[in-house]
Structures are given as C-alpha cells and as structure tokens.
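According to full-length UniProt numbering, the sequence shown is numbered sequentially starting from 1.
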Amino acid sequence: MVSGVIKVDNLLDKMATDLRNLVKVRGIENPMMIGIRTGGVWLAEHLHQQLDISGPLGTLDISFYRDDFSRAGLNPKVQPSVLPSATEGRHIILVDDVIMSGRTIRAAMNELFDYGRPASITLVTMLDLSRRELPIQADVIGDTLALADDEQVKLTGPEPLSLEIRKKSNP
Numbered sequence: 001m002v003s004g005v006i007k008v009d010n011l012l013d014k015m016a017t018d019l020r021n022l023v024k025v026r027g028i029e030n031p032m033m034i035g036i037r038t039g040g041v042w043l044a045e046h047l048h049q050q051l052d053i054s055g056p057l058g059t060l061d062i063s064f065y066r067d068d069f070s071r072a073g074l075n076p077k078v079q080p081s082v083l084p085s086a087t088e089g090r091h092i093i094l095v096d097d098v099i100m101s102g103r104t105i106r107a108a109m110n111e112l113f114d115y116g117r118p119a120s121i122t123l124v125t126m127l128d129l130s131r132r133e134l135p136i137q138a139d140v141i142g143d144t145l146a147l148a149d150d151e152q153v154k155l156t157g158p159e160p161l162s163l164e165i166r167k168k169s170n171p
C-alpha cells in the first residue's frame with residue numbers, strides 16, 4: 001500500500017545547484033560521476049546532464065561488496081559495474097537515492113578503491129533517513145525524511161522518477 005508519493009523534480013534541481021556550488025568551492029575539475037544501482041544510477045543520469053559533465057557516467061553494482069551478502073544471498077538482478085576509467089587520482093561524485101545506515105555507501109567505497117585510490121569522493125543522495133550505523137554523511141542531500149518504523153521509501157523510475165512511501169509488508 002502506498003501511503004505517499006513525493007515528486008523529485010524540485011529535489012533534483014536543489015541537488016544540482018548544491019552540487020554545482022560544492023564542486024566550484026572545492027575547485028574540482030572534470031569529476032567522474034558514478035551512480036549506485038539502481039536508483040542512484042537514475043539520479044546520476046539526471047545530475048550528469050544538468051551539470052553538463054563531459055566524461056561518461058559510471059555505474060556500480062555493489063552486490064558482492066555488501067556486508068550482508070552471506071546472509072541475504074546474491075541479488076538475482078546483479079549487473080556488472082561499469083567505470084569509464086580508473087578511479088586513481090580522480091575526483092568522484094558518488095550518487096545514491098537514499099542514505100540510511102551508511103552500509104551501502106561503505107560497500108560502494110570498498111568497490112571504488114578496488115579500481116584505484118580516488119583523489120576525493122563527494123557523496124550525493126536524494127534522501128537522508130538519518131538512521132546511521134556507520135559514520136558516513138552525504139555532502140549533498142535533496143531532503144531529510146523521517147519515516148515511521150513500519151514505513152519504507154522507494155525510488156521508482158526511471159521515467160518518470162518519483163519517491164513512494166509505503167508500509168512495509170509483513171514477512
């Protein structure tokens with residue numbers, strides 16, 4: 001049951017503006033943008049276009065890097081990660097749809113370092129659910145959202161993109 005739908009256009013515009021300003025302040029030129037499958041890739045596609053980044057967009061599938069891999073098993077929709085070049089010495093813009101515990105981002109950074117040591121990683125996320133288990137914070141956030149214990153948020157897309165707040169299904 002869907003208990004609410006959030007439009008993402010205004011959030012994407014805010015994220016693009018904030019990211020553009022942050023990149024300028026940090027003096028970052030020619031960043032590599034990488035989206036985390038699946039929702040992060042959808043958002044990264046929009047941001048990549050809005051910021052007019054010249055290099056190709058990269059994608060990460062962190063399935064093999066998750067710390068619950070042995071318990072949860074392999075996601076049946078696993079796809080290869082595709083990085084347009086080595087991450088060594090590059091300024092990376094890492095995009096995901098939601099940050100909650102920080103574990104997805106930790107897994108993504110582990111995978112990125114397997115490709116080389118980046119000069120920096122700037123984390124961009126549409127929603128922060130503020131339920132950290134690891135000390136990882138986003139640099140650019142579309143919005144912060146507080147959910148009830150029986151709710152979850154899901155980015156649907158790729159076209160149109162929308163955020164849905166749903167009641168968790170009982171196991």
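Just so you know, even glycine gets a beta-carbon here, dropped at the ideal spot from N, CA and C. Bear in mind the structure is a predicted one, so any value in this text is a computation, not a measurement.
Nearest-angstrom Cα separation, counted from residue j out to residue i
i: valine 82; j: leucine 60; result: 6 Å
i: leucine 57; j: proline 84; result: 7 Å
i: arginine 131; j: leucine 11; result: 20 Å
i: glutamine 49; j: methionine 33; result: 11 Å
i: valine 25; j: alanine 107; result: 27 Å
i: glutamate 164; j: isoleucine 141; result: 17 Å
i: glutamate 88; j: phenylalanine 113; result: 8 Å
Classification of residue i by the beta-carbon crowding that lies within 10 angstroms, buried from 16 upward
i: threonine 122; result: buried
i: proline 31; result: buried
i: serine 63; result: buried
i: proline 118; result: buried
i: alanine 138; result: buried
i: alanine 16; result: buried
Cβ-Cβ distance between residue i and residue j below 9 Å
i: aspartate 96; j: glycine 35; result: yes
i: serine 101; j: leucine 145; result: no
i: valine 23; j: leucine 51; result: yes
i: leucine 47; j: valine 124; result: yes
Residue i (DSSP reduced to helix, strand or coil)
i: glutamate 159; result: coil
i: methionine 100; result: coil
i: lysine 168; result: coil
i: aspartate 128; result: strand
i: threonine 144; result: strand
i: glycine 40; result: helix
i: serine 54; result: coil
i: glutamine 49; result: helix
i: leucine 11; result: helix
Cutoff 9 Å: residue i Cβ touching any chain D Cβ
i: threonine 59; result: Reference to chain D is not applicable here, since this structure consists of a single protein chain.
Near the ligand ADP: residue i beta-carbon under 8 Å from a heavy atom
i: aspartate 52; result: The model on display carries no ligand, and the ligand ADP is accordingly not part of it.
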